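Protein chains in written order, with the numbering used here: chain W, 58 to 350; chain F, 58 to 350.
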């Protein structure tokens with residue numbers, strides 16, 4: 058099938074904070090996918106992002122586009138928990154004659170919290186695991202821990218740990234760590250343990266990491282592992298009620314879920330692991346069914 | 058006096074992680090100063106940095122240059138605490154025929170920690186306050202709390218809080234806070250209190266801050282104040298043994314020391330405040346005296 062023969066029935070779009078992915082859909086099956094290393098903001102907004110993602114497909118007027126992510130920054134469309142991850146119906150805005158349906162995020166007022174895509178991954182996980190109860194941890198630049206019971210999100214809590222790891226490892230005085238092939242899991246586990254026991258010392262632990270790199274006391278390659286371990290350990294400390302003695306699922310990119318799973322395993326907490334993209338597509342497919350009703 | 062008449066006896070240089078400052082010295086007095094918004098690394102190294110700073114002065118061969126900061130990245134010159142902030146004597150390396158004397162930093166092996174200029178500010182503070190005992194908190198991208206007794210640094214602990222505030226407020230998903238004229242001290246105090254009582258929730262507090270900005274729940278202008286308060290509050294939580302019931306001095310830029318002083322004051326801890334540049338110059342002047350002995 059050549060590119061110009063790709064004529065989707067509908068289009069699914071996952072707008073993450075660091076990547077955009079679209080699927081050309083025929084019913085419940087993806088016939089093609091497109092990816093951009095951009096956010097909605099850096100792509101120039103919703104319209105230009107949709108145009109860039111679907112540029113090589115034939116998408117006729119009237120086609121439904123279902124999108125999750127930070128589409129509406131005003132927060133007007135947010136839904137207070139407890140509630141089902143998806144609403145009863147989706148409303149549309151027009152772009153190029155397409156009917157664009159944005160999945161509303163979940164919200165808590167005090168302290169302020171919201172989801173911008175996590176609700177759709179949760180819906181996808183529940184669509185693939187009917188009747189599942191427990192806590193879903195969605196990893197990424199923002200991680201979200203969501204307690205799910207009887208098909209509803211009962212409570213959730215987000216953390217900026219992933220974004221802090223990204224910033225500190227790329228933009229900070231720690232960014233001069235020598236390149237490594239991967240994360241040393243022993244160094245990672247030690248840092249998780251240090252941070253879990255003294256989470257308030259995060260900025261001191263980070264300073265020790267840099268001092269170790271400057272003085273040569275830090276083993277080569279240990280830097281990135283310890284950095285991730287310190288931030289994930291601090292998150293586990295604050296998220297303890299969400300994972301201690303809970304039925305757990307981890308939804309994210311494989312490199313992220315591997316670290317969270319190892320950190321949780323060291324605390325005796327096992328977790329089911331699921332791929333973020335697959336859960337997003339399942340959630341968007343469930344959301345697409347709401348349009349027809 | 059025109060620029061080409063500036064002929065220093067010696068040159069004092071404070072190489073900070075975000076700024077370089079040099080003073081043309083006649084005995085104990087500065088006759089001119091030069092400033093660059095750069096680090097030694099971004100200026101191209103020690104030689105080019107010295108050339109750029111002193112380019113408009115007449116600095117003859119044999120002139121002594123005394124410099125503090127991250128001059129020697131190898132850590133070989135570090136001095137384990139407890140020790141006096143300055144060594145007994147300074148050794149020199151040559152540049153352009155000048156005798157460049159770098160003040161060695163202080164070090165602790167486990168957990169790794171080091172100073173790269175703080176030791177010189179401490180020496181300056183003690184030169185101006187003879188016989189002073191207590192704890193000096195040196196604010197900045199890296200903050201250092203140093204316990205001083207009988208002229209020696211007994212222990213110290215550094216934190217990366219300042220750099221995290223800078224990164225999060227300029228490079229992160231929080232960086233879209235609307236511009237403000239300054240820090241709202243009530244918002245700052247509330248965030249310090251939140252973070253002091255639950256320091257392990259830093260990444261959750263930061264996520265709440267972003268969610269509040271997205272949903273409009275955060276008052277305009279509260280963002281930068283709460284960001285600084287969360288990081289400084291977490292630092293105060295971990296540094297408690299350094300400030301609780303101690304004779305305290307804050308050394309830093311005025312905008313930093315004002316925030317730390319307010320946060321400490323709310324915990325009932327008063328502090329003497331001193332300017333970082335003035336303490337650096339006093340410390341470099343004390344270090345210069347070591348060359349002659």
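Glycine included, each C-beta is placed from N, C-alpha and C at the ideal position.
Note that the structure is predicted; figures quoted are calculated from it, not measured.
Contact with chain W by residue i, beta-carbon distance below 8 Å
i: residue 157 of chain F; result: no
i: residue 292 of chain F; result: yes
i: residue 322 of chain F; result: no
i: residue 204 of chain F; result: no
i: residue 135 of chain F; result: yes
Neighbour list for residue i in chain F, Cβ cutoff strictly below 7 Å
i: residue 220 of chain W; result: 229, 230
i: residue 166 of chain W; result: 274
i: residue 216 of chain W; result: 260, 261, 264
i: residue 170 of chain W; result: 264, 265, 268
Distance, residue j Cα to residue i Cα
i: residue 128 of chain W; j: residue 330 of chain F; result: 47 Å
i: residue 191 of chain F; j: residue 185 of chain F; result: 14 Å
i: residue 292 of chain W; j: residue 198 of chain F; result: 23 Å
i: residue 114 of chain W; j: residue 265 of chain F; result: 39 Å
i: residue 130 of chain F; j: residue 176 of chain F; result: Here the model assigns residue 130 of chain F a pLDDT of 48, short of 50, so the residue's position is not dependable, and the following value carries that caveat. Spanning the two alpha carbons is a distance of roughly 16 Å.
i: residue 119 of chain F; j: residue 153 of chain F; result: 9 Å
i: residue 208 of chain F; j: residue 344 of chain F; result: 15 Å
i: residue 301 of chain F; j: residue 260 of chain W; result: 19 Å
i: residue 181 of chain W; j: residue 187 of chain W; result: 10 Å
i: residue 236 of chain F; j: residue 253 of chain F; result: 26 Å
i: residue 160 of chain F; j: residue 270 of chain W; result: 20 Å
i: residue 255 of chain W; j: residue 283 of chain W; result: 14 Å
i: residue 89 of chain W; j: residue 314 of chain W; result: 26 Å
i: residue 347 of chain W; j: residue 193 of chain W; result: 23 Å
i: residue 294 of chain F; j: residue 320 of chain F; result: 11 Å
i: residue 238 of chain F; j: residue 134 of chain F; result: 43 Å
i: residue 64 of chain F; j: residue 87 of chain F; result: 11 Å
i: residue 221 of chain W; j: residue 102 of chain F; result: 29 Å
i: residue 340 of chain W; j: residue 334 of chain W; result: 10 Å
i: residue 167 of chain F; j: residue 251 of chain W; result: 13 Å
i: residue 305 of chain F; j: residue 311 of chain W; result: 48 Å
i: residue 82 of chain F; j: residue 202 of chain F; result: 30 Å
i: residue 95 of chain W; j: residue 172 of chain F; result: 39 Å
i: residue 242 of chain F; j: residue 224 of chain F; result: 21 Å
i: residue 272 of chain F; j: residue 107 of chain F; result: 49 Å
i: residue 281 of chain W; j: residue 240 of chain W; result: 7 Å
i: residue 100 of chain W; j: residue 262 of chain W; result: 36 Å
i: residue 232 of chain F; j: residue 267 of chain F; result: 9 Å
i: residue 92 of chain F; j: residue 77 of chain F; result: 6 Å
i: residue 174 of chain W; j: residue 110 of chain W; result: 18 Å
i: residue 297 of chain F; j: residue 229 of chain F; result: 29 Å
i: residue 257 of chain F; j: residue 274 of chain W; result: 27 Å
Whole-number beta carbon distance between residue j and residue i, since they are thought to touch under 8 Å
i: residue 200 of chain F; j: residue 215 of chain F; result: 7 Å
i: residue 219 of chain F; j: residue 196 of chain F; result: 7 Å
i: residue 116 of chain F; j: residue 155 of chain F; result: 7 Å
i: residue 307 of chain W; j: residue 317 of chain W; result: 5 Å
i: residue 126 of chain W; j: residue 72 of chain W; result: 3 Å
i: residue 157 of chain F; j: residue 183 of chain F; result: Not confirmed; about 24 Å, so no contact.
i: residue 123 of chain W; j: residue 67 of chain W; result: 7 Å
i: residue 287 of chain W; j: residue 248 of chain W; result: 5 Å
i: residue 140 of chain W; j: residue 210 of chain W; result: 6 Å
i: residue 178 of chain W; j: residue 337 of chain W; result: 5 Å
i: residue 169 of chain F; j: residue 136 of chain F; result: Not really, about 15 Å apart at Cβ, beyond 8 Å.
Contacts of residue i in chain W (Cβ-Cβ under 7 Å)
i: residue 199 of chain F; result: 264
8 Å Cβ cutoff, residue i in contact with chain F
i: residue 267 of chain W; result: yes
Listed by chain order, chain F residues near residue i by CB distance under 8 Å
i: residue 74 of chain W; result: 230
i: residue 257 of chain W; result: 256, 257, 291, 294, 295
i: residue 224 of chain W; result: 224, 225, 228, 229
Cβ of residue i within 8 Å of any chain A Cβ
i: residue 136 of chain F; result: Any reference to chain A falls outside this structure, whose protein chains are W and F.
Contiguous beta strand (DSSP E) assignments of at least 3 residues, all confined to the stretch 147–235 of chain W | Secondary structure in the stretch 147–235 of chain W: the beta strand (DSSP E) runs of 3 residues or longer, each lying completely within the stretch, are 149–152, 155–159, 163–165, 191–195, 200–206, 209–216 in chain order.
Entirely within the stretch 273–319 of chain W and at least 4 residues each: give me those alpha helix (DSSP H) ranges in chain order.
-> If we require 4 residues or more, the alpha helix (DSSP H) runs fully inside the stretch 273–319 of chain W come out as 279–295, 297–300.
Entirely enclosed beta strand (DSSP E) segments - the stretch 64–122 of chain W, minimum 3 residues = You should have 67–72, 77–83, 86–93.
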